[in-house]
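Engineer: Residue numbering for the sequence shown follows UniProt numbering, starting at 1 and increasing by one per position.
First the structure, then my questions, so here it is.
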Amino acid sequence: MAWQKYVSNHVPDWLHVLPLGLRASVWEILRFVIAGAVFGLLAGLVIGYAKDDTWNGKQKWAQEVQERKAEGQKLLDDVCRDFPNSGACKGR
């Protein structure tokens, strides 16, 4: 074949290289893809767990949640005082 005269298969003696067939090459590529997917999933789980509010929300947002809850209760009290027959005040 004409193309073989331009290709060099020379590998230094210290570098152990085995020529791979098509099946082995595809398998190696597939291994890299699978490894990347597994790493991505694990990294996503770790980051998601670290940013999850159920894990660290009590430390970060407890004060703000209490303030907003108090504001909401005050607004509901105002509505119930002005409109005692409204739907929001039925169970109070």
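From the three backbone atoms N, C-alpha and C, an ideal C-beta is built for every residue, glycine too.
State the Cα-Cα distance for the pair Gly72 and Ala88, rounded to the nearest angstrom.
Structural biologist: 12 Å
Engineer: To the nearest angstrom, how far is it from the Cα of Val79 to the Cα of Ala37?
Structural biologist: 53 Å
Engineer: Run through DSSP, which three-state label would Gly87 get?
Structural biologist: Helix.
Engineer: Mapping the DSSP letters down to three states, classify Asp52 as helix, strand or coil.
Structural biologist: In the structure shown, Asp52 sits in coil (DSSP, three-state: anything other than H, G, I, E or B).
Engineer: Taking the C-alpha atoms as reference points, what is the distance between Pro19 and Lys51?
Structural biologist: 46 Å
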